[in-house]
Amino acid sequence: MKHSSYTAQCGVCKQNAGEVDIPGGVIWENSNWLVRHGPPPSPLVGWTMFHAQRHVQGPAHFNDAEAAQFGPVLRHVSSAIEQVTGAPRVYFVAFGESVPHMHAHLIPRYADMPQADVAFGVADILRSTAKGERAAADPAKALDFAAKLKAFLIKNPPPK
34 MKHSSYTAQC GVCKQNAGEV DIPGGVIWEN SNWLVRHGPP PSPLVGWTMF
84 HAQRHVQGPA HFNDAEAAQF GPVLRHVSSA IEQVTGAPRV YFVAFGESVP
134 HMHAHLIPRY ADMPQADVAF GVADILRSTA KGERAAADPA KALDFAAKLK
184 AFLIKNPPPK
């Protein structure tokens with residue numbers, strides 16, 4: 034959706050507005066939030082992005098509607114990722130430095146991940162995949178995850 038706060042220089046605004054191809058498309062959205070799979074090359078199947086629809090830097094600047102929905106929607110989507118992937122937990126990572134538009138990474142921490150790849154090590158997975166030093170997740174599996182998460186959220190939508 035193209036929000037009234039759309040900024041042409043913002044990559045997240047462009048993604049939310051459908052101006053950037055997102056493999057798997059939009060998984061779920063409402064007037065405040067958008068969920069999609071991470072962009073290729075994806076470090077892990079299920080690496081999911083959680084965007085504010087409005088061009089807003091982060092929680093300190095949320096309006097009342099965004100603030101009221103943030104926790105409940107985030108909890109619901111994180112739980113859905115756990116259920117769809119079988120991962121025992123989902124990391125929530127948001128720095129807001131690369132793009133000043135609230136976007137968070139929801140990252141499944143699979144039970145069989147090497148210890149070096151968990152906690153802060155997950156950032157190394159992203160960096161090494163982006164540099165081509167590590168194989169990206171299978172794009173077909175990422176698309177399959179996106180379709181399964183979308184179907185799950187259609188059946189079990191996040192709270193309003």
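Read left to right, the sequence shown gives residues 34 to 193 (my numbering). The C-beta atom is built at its ideal place from N, Cα and C for all residues, glycine as well.
- Item | Simplified DSSP state of residue 128, which is helix, strand or coil | As a working note, residue 128 is residue 95 in the sequence shown. Correct three-state label for residue 128: coil.
- Under 8 Å between C-beta atoms of residue 135 and residue 91: If you number the sequence shown from 1, residue 135 lands on position 102. If you number the sequence shown from 1, residue 91 lands on position 58. Yes, the Cβ-Cβ distance between residue 135 and residue 91 is below 8 Å.
- Do residue 33 and residue 69 have their C-beta atoms within less than 8 Å of each other? Residue 33 falls outside the range modelled here, since the chain spans only 34 to 193, and no answer is possible.
- Message: Please state whether the Cβ-Cβ distance between residue 86 and residue 66 is less than 8 Å.
- Response: As a working mapping, residue 86 is identified with position 53 in the sequence shown. As a working mapping, residue 66 is identified with position 33 in the sequence shown. Their beta carbons are under 8 Å apart, which means residue 86 touches residue 66 by this criterion.
- What's the gap between the Cα of residue 167 and the Cα of residue 161? Locating residue 167 in the sequence shown gives position 134, where the first residue counts as 1. Locating residue 161 in the sequence shown gives position 128, where the first residue counts as 1. A straight-line Cα-Cα distance of about 5 Å links residue 167 and residue 161.
- Task: For residue 159, collect the residues of the same chain with a Cβ closer than 6 Å to its Cβ; drop the 5 residues on either side in sequence, then sort them by chain order.
- Result: On the sequence shown, position 126 is the one that residue 159 refers to. Closer than 6 Å at the Cβ level, and outside the excluded window around residue 159, lie 76.
- Query: Assuming residue 139 and residue 81 make a contact with CB atoms under 8 Å, what is their CB distance in whole Å?
  - Reply: On the sequence shown, residue 139 is found 106 positions in, with the first residue counted as 1. On the sequence shown, residue 81 is found 48 positions in, with the first residue counted as 1. That pair is a contact at about 4 Å.
- In the structure shown, what three-state DSSP assignment does residue 94 receive? By one-based count along the sequence shown, residue 94 stands at place 61. Helix, per DSSP.
- Message: Let's test the definition: count the other Cβ atoms within 10 Å of the Cβ of residue 195 and tell me whether it reaches 16, buried, or not, exposed.
- Response: Because the chain in this structure spans residues 34 to 193, residue 195 falls outside the shown range and cannot be described.
- Query: Where does residue 166 sit, in a helix, a strand or coil, going by DSSP?
  - Reply: As a first step, residue 166 must be located in the sequence shown, where it is residue number 133. Coil.
- Message: Checking 8 Å against the spacing of the C-beta atoms, do residue 45 and residue 84 come in under that value?
- Response: Locating residue 45 in the sequence shown gives position 12, counting from the first residue. Locating residue 84 in the sequence shown gives position 51, counting from the first residue. Cβ atoms of residue 45 and residue 84: closer than 8 Å.
- Scan the segment 39 to 78 and note each continuous alpha helix (DSSP H) run of 4 residues or more that stays entirely inside, going in chain order. Entirely contained in the segment 39 to 78, the alpha helix (DSSP H) runs reaching 4 residues are, in chain order, 44 to 49.
- residue 85 by DSSP, collapsed to three states: which one? Mapped onto the sequence shown, residue 85 falls at position 52. Shown here, residue 85 sits in a strand according to DSSP, grouped into three states.
- Identified DSSP bridge partners for residue 137: Counting from one through the sequence shown, the residue named residue 137 turns up at place 104. Per DSSP, 83.
- Task: Identify which residue in 171, 54, 53, 145 has its Cα closest to the Cα of residue 122.
- Result: The sequence position of residue 122 within the sequence shown is 89, counting from 1. Residue 145 is the option with its Cα nearest to residue 122.
- Distance, residue 103 Cα to residue 96 Cα: Walking along the sequence shown from the start, residue 96 turns up at place 63. Walking along the sequence shown from the start, residue 103 turns up at place 70. The straight-line gap from Cα to Cα measures roughly 10 Å.
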